[in-house]
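See structure below.
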Amino acid sequence: MYSLFGRGLAHKIYKHACLAQRLWTDKAAAAKPPAAPDKLHSQIVDVRCEGMVVKILPARDNNYMYLITDLPTGCTAAIDLSDNKLLFETLKKENLTLSYAFITHHHEDHAGGTEELAAQYPDVKICAGDERIKCVTHCVKNDEKLKLGEMTFNCMHTPCHTVGHYCFFVECGAGGPPALFTGDTLFQGGCGRFFEGTPDQMYSALCEKLSSLPEDTKVFCGHEYTLQNMAYARHVEPMNDRIMKRIEWAKLRRATKSPTVPSTIGEEKSWNPFMRVHEPNVQKHAGEKDPIKTMGSLRKEKDNFRA
Ligand SMILES: [Zn+2]
1 MYSLFGRGLA HKIYKHACLA QRLWTDKAAA AKPPAAPDKL HSQIVDVRCE GMVVKILPAR
61 DNNYMYLITD LPTGCTAAID LSDNKLLFET LKKENLTLSY AFITHHHEDH AGGTEELAAQ
121 YPDVKICAGD ERIKCVTHCV KNDEKLKLGE MTFNCMHTPC HTVGHYCFFV ECGAGGPPAL
181 FTGDTLFQGG CGRFFEGTPD QMYSALCEKL SSLPEDTKVF CGHEYTLQNM AYARHVEPMN
241 DRIMKRIEWA KLRRATKSPT VPSTIGEEKS WNPFMRVHEP NVQKHAGEKD PIKTMGSLRK
301 EKDNFRA
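1 is the number of the first residue of the sequence shown in UniProt numbering; add one for each residue after it.
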């Protein structure tokens, strides 16, 4: 399922990317004025790294969906289908050939576009791990690896927000920092509600699976919730300087409608209370001595928290 991207053009883009971008950078799509800023909650932003580029697409009130392109081959995948109109417009405008769509979980604001995509782009493979998602052509399994161009998609089953929730960990062929698409499992500074799961499942997802990924992994989550989550993180750990600094940074970003994603796994481990349930300060706040009980207690408090 490689795209029909011309090899010459792809090579040129790849060479340029390798020369110009040794590290991840993020820039508002070519510093153009933000697309329909009156309608979108955030600017459309490209995050580049060696070998691949992630396009952040804002949708609905606070959703993010993504396009990831393997620069050597042009192979492109979408992550979540929250706004097909914007997706189809972007594919056309950027001259991208979509080969895959990965859906993190069955909620309508992430999976609602699968039927229309299947009708309009019948060659696109739709990959997901929940039978409630319509038009899936490939049912993913935990630890399954899929090769897209020179990228490798690692499918990580992270049940709790929903039983069929998957995160997708993407390594690029050029050896740069990996990307992680977390849907509604891990947010910047927070996590999704436990609609279909338990504290020990979220503990396993956040503190065992995702915590063990490389520290420089870029985290692309499903919603722009950073300021709300960080207000709760500050409530849990008022003396954590990393949280205060991130709040100030995020306020500046939001003032210009810039996304606050991505963060990194290393950063999340330094400020996200749900990834810090081993920390004495966090356990003390929860009134617990056990990390899983702390996880349950924090989620309950956060469900009713108003900044
Ligand atoms: Zn959800």
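All C-beta atoms, glycine included, are put in the ideal place defined by N, C-alpha and C.
What you are looking at is a predicted structure, and each value in this text was computed from that prediction instead of being measured.
Rounded to the nearest angstrom, what separates residue 128 and residue 80 at their Cα positions?
In the sequence shown, counting from the first residue as 1, residue 128 sits at position 128. In the sequence shown, counting from the first residue as 1, residue 80 sits at position 80. Each residue's Cα considered, the two are about 10 angstroms apart.
Find the nearest neighbour of residue 285 within the set 234, 265 and 269, judged by alpha-carbon distance.
As a working mapping, residue 285 is identified with position 285 in the sequence shown. Among 234, 265 and 269, the Cα nearest to that of residue 285 belongs to 234.
Would you say the beta carbon of residue 192 is closer than 7 angstroms to some non-hydrogen atom of ligand 1?
Residue numbering aside, residue 192 sits at position 192 when the sequence shown is read from its first letter. Yes - ligand 1 has a heavy atom lying nearer than 7 angstroms to the Cβ of residue 192.
Quick check on the burial criterion: 16 or more other C-beta atoms within 10 angstroms. Buried or exposed for residue 280?
The residue labelled residue 280 in the question sits at position 280 within the sequence shown. Exposed, by the Cβ-count rule.
Between residue 361 and residue 160, how many whole angstroms is the CB-CB distance? I'm expecting something under 8 angstroms.
No information on residue 361 is available, as it lies outside the stretch 1 to 307 that the chain covers here.
Taking the alpha-carbon positions, what's the residue 170 to residue 143 distance?
For this step, residue 170 is matched to residue 170 along the sequence shown. For this step, residue 143 is matched to residue 143 along the sequence shown. Approximately 12 angstroms between the Cα atoms of the pair.
What would DSSP say about residue 304, mapped onto helix, strand or coil?
Against the sequence shown, residue 304 aligns to sequence position 304. Looking at residue 304 - three-state DSSP - the assignment turns out to be coil, as it is neither helix nor strand.
From residue 29 to residue 48, what distance separates their C-alpha atoms?
By one-based count along the sequence shown, residue 29 stands at place 29. By one-based count along the sequence shown, residue 48 stands at place 48. Its pLDDT being 44, under 50, residue 29 is placed unreliably by the model, and nothing is read from it.
Among 42, 53, 86 and 162, which one has its Cα closest to the Cα of residue 180?
Walking along the sequence shown from the start, residue 180 turns up at place 180. Considering only alpha carbons, the answer is 53.
Going by alpha carbons, who is nearest to residue 254 out of 240, 196 and 58?
Residue numbering aside, residue 254 sits at position 254 when the sequence shown is read from its first letter. Selected option, being the one with the closest Cα: 58.
Return the first residue and the last residue of the alpha helix (DSSP H) that residue 86 is part of.
Your numbering for residue 86 matches position 86 in the sequence shown. Taken as a continuous stretch (DSSP letters only), the alpha helix (DSSP H) holding residue 86 covers 84 to 93.
Closer than 8 angstroms is the cut-off here; do at least three beta carbon pairs connect the segment 145 to 153 with the segment 64 to 76?
Touching, yes, given that three or more Cβ pairs across the two stretches are closer than 8 angstroms.
Distance, Cα to Cα, residue 65 vs residue 238?
For the purposes of this step, residue 65 is identified with residue 65 of the sequence shown, where counting begins at 1. For the purposes of this step, residue 238 is identified with residue 238 of the sequence shown, where counting begins at 1. Taking the straight line joining both Cα atoms gives about 32 angstroms.
Label residue 248 either buried or exposed according to how many other C-beta atoms from any shown protein chain fall within 10 Å of its C-beta, with 16 as the threshold for buried.
Here residue 248 refers to the residue found at position 248 when the sequence shown is read from its first residue. That one is exposed.
Residue 184: beta carbon under 7 angstroms from a heavy atom of ligand 1?
Position 184 of the sequence shown, counted from the first residue, corresponds to residue 184. Within the cutoff, so yes.
Below 8 angstroms between beta carbons: does that hold for residue 186 and residue 267?
Stepping through the sequence shown from its first residue, residue 186 is reached at position 186. Stepping through the sequence shown from its first residue, residue 267 is reached at position 267. Result no, Cβ atoms of residue 186 and residue 267 do not sit closer than 8 angstroms.
Residues in its own chain within less than 8 angstroms of residue 215 by CB, not counting five upstream and five downstream?
By one-based count along the sequence shown, residue 215 stands at place 215. Answer for residue 215: 264, 265, 266 and 269, listed in chain order.
So, using beta-carbon positions, are residue 211 and residue 275 closer together than 8 angstroms?
In the sequence shown, the residue the question calls residue 211 occupies position 211. In the sequence shown, the residue the question calls residue 275 occupies position 275. Yes, the Cβ-Cβ distance between residue 211 and residue 275 is below 8 angstroms.
List the whole-angstrom C-beta distance separating residue 55 from residue 104, where the pair is believed to meet the contact cut-off of C-beta under 8 angstroms.
By 1-based counting over the sequence shown, the position of residue 55 is 55. By 1-based counting over the sequence shown, the position of residue 104 is 104. At roughly 17 angstroms, the Cβ-Cβ gap does not stay under 8 angstroms, so residue 55 and residue 104 are not in contact.
Does DSSP classify residue 55 as helix, strand or coil?
The residue given as residue 55 occupies position 55 in the sequence shown. DSSP places residue 55 in strand when its eight states are reduced to three.
So, using beta-carbon positions, are residue 82 and residue 109 closer together than 8 angstroms?
Taking the sequence shown and counting its residues from 1, the one referred to as residue 82 is at position 82. Taking the sequence shown and counting its residues from 1, the one referred to as residue 109 is at position 109. Result yes, Cβ atoms of residue 82 and residue 109 sit closer than 8 angstroms.
Would residue 195 and residue 158 be called neighbours here (beta carbons separated by less than 8 angstroms)?
Against the sequence shown, residue 195 aligns to sequence position 195. Against the sequence shown, residue 158 aligns to sequence position 158. For residue 195 and residue 158, no; Cβs fall outside 8 angstroms.
Do you know offhand how far residue 304's Cα is from residue 262's?
Here residue 304 refers to the residue found at position 304 of the sequence shown. Here residue 262 refers to the residue found at position 262 of the sequence shown. About 26 angstroms.
Quickly, what does DSSP pair residue 126 with across the bridge? List them, please.
Taking the sequence shown and counting its residues from 1, the one referred to as residue 126 is at position 126. Note: residue 126 sits in a beta bridge opposite 101.
Is residue 140 near residue 166, with beta carbons less than 8 angstroms apart?
Translated into positions along the sequence shown, residue 140 becomes position 140. Translated into positions along the sequence shown, residue 166 becomes position 166. Contact: yes.
Using only the alpha-carbon positions, how far apart do residue 173 and residue 69 sit?
As a position in the sequence shown, residue 173 is number 173, starting the count at 1. As a position in the sequence shown, residue 69 is number 69, starting the count at 1. Cα to Cα, residue 173 sits roughly 12 angstroms from residue 69.
Tell me whether residue 62 sits in a helix, a strand or coil according to DSSP, three-state version.
Your numbering for residue 62 matches position 62 in the sequence shown. Residue 62: coil per DSSP, three-state reduction.
Nearest to residue 193 by CA position, among 225, 44, 220 and 251, is which residue?
As a first step, residue 193 must be located in the sequence shown, where it is residue number 193. Ranking the options by Cα distance to residue 193, first place goes to 225.
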